[in-house]
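Heads up, the thing below is written out as structure tokens.
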């Protein structure tokens, strides 16, 4: 007995030694991990400091300064003071920017120590030679990659980070931050002592706890019976019941609460599995038997939901989990145990959720149908208002007086504003309903930008704002939806023009970021955004105090733009200085280069030159439209175009008869037509060899996402109502 007790103590001692080794090893591992985290934290602090430099320096610092050979002493010292204030607050030794000038690395800005500022010595001013730049630093200007480098000099050991950046004019430079290694070592020492003290305290506490636990073993053993009773009570409270099936004897036992739940007394409850199965719902019986067979084959645990009938005829849902717990010498199962859980309430909730989901889907469908209907109903009268107004404004035969022209321009402006409101509300509703489909493809960024500038140029001229494209790189392509990308560009360009000043400018530029994305920025020289309104910029229906100004807008465009950028896996943000201007930028993933297919080169740059040869207009044109006012509008449009002969059909059936009897060079097709619609008629035409080459242009008020999807690949071009007469004229010239 003494030997056994001595041996037991030896085992306890050995176990304690292993435990001690494990704790010390874990402490060492924790310290190593903390060390890594400190290194990562400090490197992140360095990188944040380097990226902060362009924000501290004056706006467009490098863009303005790179073309000059020097700065005034006052300007240089002001910049040095700003950078030095930052380093003093953030545990950073030095921050500065470097460029490669005449194959020598020089400072364009730099912080300085407090002593250096007071003495006016050892200060790196603009274009000061970087004397300690080694070969590795010159190599960085070749690779242009973010890098961390360590070095030592007479002032100590330092770790530094080089962040590659570009100024607005495309000049490449490095933003650099340095930190003393002594600061890092002090943090590591503090962490080491903290880990050491924590380990000692942990060992002390766990040792005391261990001996206290040994003392309480007998006490815990006495309470096992109490715990078993508590477990039984817990099963009852949780409505979890057990069952036990002896396969050899056929005996089928369940917990007391199970048969009471079904309304039976124990002596009258089923004792054989087949009798129990007779109460299972007929629709679930096969699944229960298959579940039972699976459990026998695999050993379980196996789970199934089923319905069983109570004594009163009510159906309850149960979830059973079964497992084989005993086998004979041949490994055949002899006993299965498991649990029953009443899930009737959960199933009822699930059924109600499905009903609610169906109701929500119906409501969502009704909303979409309402929006589609309202869009069509609003666009139809707007088509007449804007269409006839444009014809009056540009009528050369009976020109308007100056006063009349001014009044008509008010009608057109108000109509266009109403159209923008309709479009933005529909776009927002579609995004919120999750019905905005994005078709990601490789898009030439230059094509999208030039085409957007072409479309917005009229507004720019009206506001006397100059649009400048700073980047002429034709090679960049992005992964985006071409139509949505143009919508984003038009929204941002429109805002940059509307909130600009007379004689101001809008600059568009883009460059490749470190994370293989293209950042497109649109800058204006306008009124800017107050700092207090920054968090509200992308809110819906919030115009940031401009509601009563003469600048048109709904406060929806930027929210729609943000959602579209994020749907294309991008991000968007802005920076602004009040009364000086705003720059909105967004990033989209970089795509492989393609050859530009839209040919938007000199023809698009010459925005005013949209006149093409009139030979293409010498043809007969059929317009299929059931609305008499829309017919009159198009008739008025063609009155002065003698080279074209317009024919009208007020239904798809009439149009089909006319096409069967006469050859047309071009067909303008409304979609919402009585009986057969415009899509069906166009499909029928394109399916016949004699008609498949006739261009068919949709002219419709159907502008919902589903409408575009339904018409995809069917029409040669898609014009939406209200019709822009200049756009219609341009499209007719193309066909």
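Numbering (this note's numbering), first residue to last: 100 to 834. Beta carbons are placed, not taken as given, at the ideal position from N, Cα and C, and that holds for glycine. Here the structure is a predicted model, which is why all the values come from computation and not from measurement.
How long is the line joining the alpha carbons of residue i and residue j, rounded to whole angstroms?
i: residue 613; j: residue 632; result: 30 Å
i: residue 822; j: residue 150; result: 48 Å
i: residue 716; j: residue 826; result: Here the model assigns residue 716 a pLDDT of 43, short of 50, so the residue's position is not dependable, and the following value carries that caveat. One C-alpha to the other measures close to 15 Å.
i: residue 388; j: residue 124; result: 53 Å
i: residue 598; j: residue 634; result: 19 Å
i: residue 713; j: residue 626; result: A caution first: residue 713 carries a pLDDT of 39, below 50, which makes its placement in the model unreliable, though a value can still be read off. If I take the Cα positions, the gap works out to 44 Å.
i: residue 139; j: residue 261; result: 16 Å
i: residue 740; j: residue 746; result: 13 Å
i: residue 244; j: residue 594; result: 35 Å
i: residue 583; j: residue 810; result: 17 Å
i: residue 589; j: residue 157; result: 30 Å
i: residue 460; j: residue 453; result: 10 Å
i: residue 251; j: residue 275; result: 16 Å
i: residue 550; j: residue 592; result: 12 Å
i: residue 556; j: residue 586; result: 15 Å
i: residue 828; j: residue 480; result: 21 Å
i: residue 617; j: residue 670; result: 11 Å
i: residue 254; j: residue 537; result: 57 Å
i: residue 773; j: residue 783; result: 16 Å
i: residue 816; j: residue 834; result: 10 Å
i: residue 200; j: residue 667; result: 40 Å
i: residue 263; j: residue 235; result: 15 Å
i: residue 503; j: residue 552; result: 30 Å
i: residue 835; j: residue 611; result: The requested residue 835 does not occur in the structure, where the chain is confined to residues 100 to 834.
i: residue 425; j: residue 447; result: 36 Å
i: residue 521; j: residue 512; result: 14 Å
i: residue 628; j: residue 155; result: 19 Å
i: residue 805; j: residue 771; result: 14 Å
According to the Cβ coordinates, are residue i and residue j closer than 9 Å?
i: residue 278; j: residue 192; result: yes
i: residue 824; j: residue 486; result: yes
i: residue 777; j: residue 797; result: yes
i: residue 596; j: residue 609; result: no
i: residue 901; j: residue 624; result: For residue 901 there is no data in the structure shown, the boundaries of the chain being 100 and 834.
i: residue 768; j: residue 723; result: yes
i: residue 890; j: residue 280; result: Any question about residue 890 goes unanswered here, given that the chain covers just 100 to 834.
i: residue 197; j: residue 206; result: yes
i: residue 567; j: residue 607; result: yes
i: residue 423; j: residue 394; result: yes
i: residue 685; j: residue 655; result: no
i: residue 403; j: residue 419; result: yes
i: residue 177; j: residue 213; result: no
i: residue 240; j: residue 271; result: yes
i: residue 736; j: residue 781; result: no
i: residue 754; j: residue 721; result: yes
i: residue 345; j: residue 357; result: no
i: residue 237; j: residue 204; result: yes
i: residue 405; j: residue 444; result: no
i: residue 622; j: residue 660; result: no
i: residue 603; j: residue 564; result: yes
i: residue 407; j: residue 440; result: no
i: residue 421; j: residue 391; result: yes
Assuming the contact rule is C-beta atoms closer than 8 Å, residue i and residue j should be a hit. Round their C-beta distance to whole Å, please.
i: residue 839; j: residue 222; result: Any property of residue 839 remains undetermined from this structure, which presents the chain solely from 100 to 834.
i: residue 794; j: residue 765; result: 5 Å
i: residue 690; j: residue 541; result: 4 Å
i: residue 130; j: residue 291; result: 6 Å
i: residue 282; j: residue 189; result: Actually they are not in contact, since the Cβ atoms of residue 282 and residue 189 sit about 11 Å apart, beyond 8 Å.
i: residue 579; j: residue 415; result: Rounded, the Cβ-Cβ distance is 55 Å, inconsistent with contact.
i: residue 295; j: residue 134; result: With a Cβ gap of about 14 Å, residue 295 and residue 134 do not count as contacting.
i: residue 728; j: residue 483; result: 5 Å
i: residue 658; j: residue 638; result: 7 Å
i: residue 775; j: residue 751; result: 4 Å
Of all Cβ atoms in chain B, is any one closer than 9 Å to the Cβ of residue i?
i: residue 270; result: No chain B appears in the structure shown, which is made up of a single protein chain.
CB of residue i to nearest heavy atom of the ligand PLP: below 8 Å?
i: residue 810; result: The ligand PLP is not part of this structure, which contains no ligands at all.
Restricting to runs no shorter than 3 residues, where is the beta strand (DSSP E) found entirely within the segment 795-821? 795-799, 816-819
Flag this pair as touching only if the segment 544-552 and the segment 567-585 have three or more C-beta atom pairs under 8 Å; answer yes or no. yes
Whole beta strand (DSSP E) elements within the segment 380-429, 3-residue minimum: List check, beta strand (DSSP E) in window: 401-408, 414-426.
Which full runs of the alpha helix (DSSP H) of 4+ residues lie inside the segment 527-611, going along the chain? 544-561, 581-597
If you scan the segment 190-269 from start to end, which runs of the alpha helix (DSSP H) of 4 or more residues do you find wholly inside it? 213-218, 234-242
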